[in-house]
Amino acid sequence: MRKLIAFLGTLVSSLFVTAMAFAAEEGAASSLDSHTKSALAISAGLAIAIAAFGGALGQSRAATAALEGIARNPGAAGKVQTPMIIALALIESLVIYALVIAFLLQMKI
Amino acid sequence: MHHFAWLSWLTHDKINEHNIHIFHASFVVIFLIIATFLVARKLRRTEERLVPEAGTTLTNIFEVAVESILGMMEGIIGPGAVTYFPLIGGVFIYIFLNNILGLIPGFLPPTDNINTNLAIALTVFVYYNVMGIKSHGLGGYLKHFLGPILWLGPLVAVIEVIGQAVRPVSLSLRLFGNITGDHLVLGIFSGLVPLFVPVIFLALGLFVSFIQAFVFSLLSTIYIGLATAHEEGRGEGHHGH
């Protein structure tokens, strides 16, 4: 009985969250002069370019080490692969931070 | 860029692009509730469950997911991982299904809005701090912030607090950036070459969705393990899962 109540309560509260979704946000529209806009555009492009360059170098080193480890010991391929994926995702997250900044800059143009 | 979504037909006037992600997240939650309800009834009868069913049934999918997530958690935290399993398992499945939803044409992934990600990240943040306080006591937990050398305490405490405060932000930003970028790339390439090229990006999207959910839950597990670590000669937690 308690589990039925818990299940129904979860279902109903998830529907309530949907119904409470009617709060509107406001977006700001600003008018900047062309120098500021060009600076924003150049910096947005350069941000992601430099971050992708550095991120690719870092990920290549991680992949090199992992592939060498697999080449030495092919039986350990499964055990090497999981930490390699984790390292790649963490390095990529730094590139993603720069991408987010590029998005934020690009939205101000 | 205004995307088309099937769920925007629910109510025309109230849904705008700012709260459409809540409807998609609720869609995933309702689907999960129904799926787990169907599976939980079967799993309750444990005598019949000794031999698993053949083929790919819903129960088997859930069993595989639970076993692999629990194995990952036990590899990091050790034997006490089962207590923290409900939150981390739920976080993983929720984030994974939210990411996958973006690959279906006509749906937007709720995780490409920073609010969804921040909600999950703040929940994990509060949870591991509360777990740390529960296992060490309030004074003992705060003493960890001072670091190993006591007279360098205030300096280390500032760095530690900043590092801790950045954790939910980094968790949510990583997920947000990956899923938004992936969705954008899929959209752009589907506009360029609509015929066979999007298959590659759908496969990449599937991979990225799984990896990001995995990395989120892995980092949450590591934070919980760091917060509740007892330094009394913990034995080998890695027994080769």
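Listed in order, the protein sequences are those of chains R and P. Residue 43 in the numbering used here sits at position 43 of the first sequence, and the numbers go up by one each step. Count along the second sequence from 1, add 109, and you get the number used in the numbering used here. Here a beta-carbon is modelled for each residue, glycine too, at the ideal position from N, C-alpha and C. In this text, all values refer to a predicted model and were calculated from it rather than measured experimentally.
What three-state label does DSSP hand Leu8/R in the structure shown?
In the structure shown, the three-state DSSP call for Leu8/R is helix.
Would you mind sorting Leu282/P into buried or exposed? The rule is 16 or more other CB atoms within 10 Å of its CB.
Result: buried.
Relative to the C-alpha of Ile229/P, which candidate in Pro277/P, Gln273/P and Ala190/P has its C-alpha closest?
Shortest Cα-Cα distance from Ile229/P to any of Pro277/P, Gln273/P and Ala190/P involves Pro277/P.
Alpha carbons only, please: which of Ile109/R, Leu94/R, Met1/R and Lys108/R is nearest the one belonging to Ile48/R?
The shortest Cα separation from Ile48/R among Ile109/R, Leu94/R, Met1/R and Lys108/R belongs to Leu94/R.
Taking the alpha helix (DSSP H) that Lys252/P falls in, what are its first and last residues?
Boundaries of the alpha helix (DSSP H) harbouring Lys252/P: Leu247 to Lys252, taken from the DSSP string.
Does the beta-carbon of Leu32/R have 16 or more other beta-carbons within 10 angstroms, so that it is buried, or is it exposed?
Counting Cβ neighbours within 10 Å, Leu32/R comes out exposed, since fewer than 16 surround it.
Look up Ala163/P in the DSSP assignment and say whether it is helix, strand or coil.
In this structure, Ala163/P counts as coil in the three-state DSSP scheme.
Whole angstroms are fine: how far does the CA of Asp221/P sit from the CA of Val173/P?
Distance between the alpha carbons of Val173/P and Asp221/P is about 27 Å.
Pick out whichever of Ser13/R, Leu46/R and Ile91/R has its Cα sitting closest to the Cα of Leu57/R.
Checking every option, the nearest Cα to that of Leu57/R belongs to Ile91/R.
What do you get for Ser135/P, buried or exposed, if any count of 16 or more other CB atoms within 10 angstroms of its CB means buried?
By the neighbour-count criterion, in which a residue is buried when 16 or more other Cβ atoms sit within 10 angstroms of its Cβ, Ser135/P is buried.
With burial defined as no fewer than 16 other Cβ atoms inside 10 Å of the residue's Cβ, what is the status of Leu119/P: buried or exposed?
Exposure of Leu119/P is indicated by the presence of fewer than 16 other C-beta atoms within 10 angstroms of its C-beta.
So with CB distances below 9 Å, who are the chain P contacts of Phe53/R?
Those do not exist, as Phe53/R stays about 17 Å from chain P at its closest Cβ, beyond 9 Å.
Among Ile258/P, Ala149/P and Gly241/P, nearest to Leu251/P - alpha-carbon criterion:
Of Ile258/P, Ala149/P and Gly241/P, the residue nearest in Cα terms is Gly241/P.
Measuring straight from C-alpha to C-alpha, what distance separates Ala24/R and Thr225/P?
Its pLDDT being 40, under 50, Ala24/R is placed unreliably in this model, and the value from its coordinates should be taken loosely. Counting only the Cα atoms, Thr225/P lies some 16 Å from Ala24/R.
Does the beta carbon of Ser60/R sit closer than 7 Å to a beta carbon anywhere in chain P?
Judged by the 7 Å Cβ criterion, Ser60/R is not in contact with chain P.
If we cut at 7 Å on Cβ distances, does Leu197/R have a partner in chain P?
Outside the shown range of chain R (1 to 109) lies residue 197/R, about which nothing can therefore be said.
Of the listed residues Val100/R, Val80/R, Arg61/R and Gln59/R, nearest to Gly69/R (C-alpha basis)
Per the Cα distances, Val80/R.
6 Å CB neighbourhood of Ser244/P in its chain, flanking five on each side removed:
Cβ neighbours of Ser244/P beyond the five flanking positions: Thr337.
Taking only three categories from DSSP, how would you classify Phe285/P?
Residue state, collapsed to three classes: helix.
Close-in-space but distant-in-sequence residues of the same chain around Lys112/R (CB under 6 Å, 5 per side omitted):
Any answer about residue 112/R is impossible in this case: the structure gives chain R only from 1 up to 109.
Please determine, among Ala87/R, Ser34/R and Leu8/R, the residue with the shortest C-alpha to C-alpha distance to Gln321/P.
Of Ala87/R, Ser34/R and Leu8/R, the residue nearest in Cα terms is Ala87/R.
Below 8 Å on C-beta distance, what does Gly394/P contact in chain R?
Residue 394/P lies beyond the residue range present for chain P, which begins at 110 and ends at 350; the question has no answer from this structure.
Alpha helix (DSSP H) segment containing Asn207/P, residue limits:
Note, Asn207/P: alpha helix (DSSP H), Phe194 to Leu210.
Lys151/P to Gly164/P span [Cα, whole Å]
Rounded to whole angstroms, Lys151/P to Gly164/P spans 16 Å at the Cα level.
When the cut-off is 7 Å and only beta carbons count, does Ile320/P lie next to chain R?
The beta-carbon of Ile320/P is placed less than 7 Å from the nearest beta-carbon of chain R.
At a cut of 8 Å, does the region 203–217 of chain P reach the region 309–325 of chain P through at least three beta carbon pairs?
They touch, by the three-pair rule.
Tell me, to the nearest whole angstrom, how far the beta carbon of His359/P is from that of Leu217/P; I am working on the premise that it is less than 8 Å.
Summary: the structure shown does not reach residue 359/P, with chain P confined to residues 110 through 350, and so no result is reported for it.
Find out if the Cβ-Cβ distance for the pair Gly211/P, His292/P is shorter than 7 Å.
In this structure, His292/P lies closer than 7 Å to Gly211/P by Cβ.
What in chain R is Cβ-close to Leu167/P, meaning under 7 Å?
Result: empty, since nearest Cβ-Cβ is about 17 Å, beyond 7 Å.
Helix, strand or coil: which one does DSSP assign to Lys108/R?
DSSP places Lys108/R in coil when its eight states are reduced to three.
DSSP three-state label for Arg154/P, please.
Coil at Arg154/P, not helix or strand.
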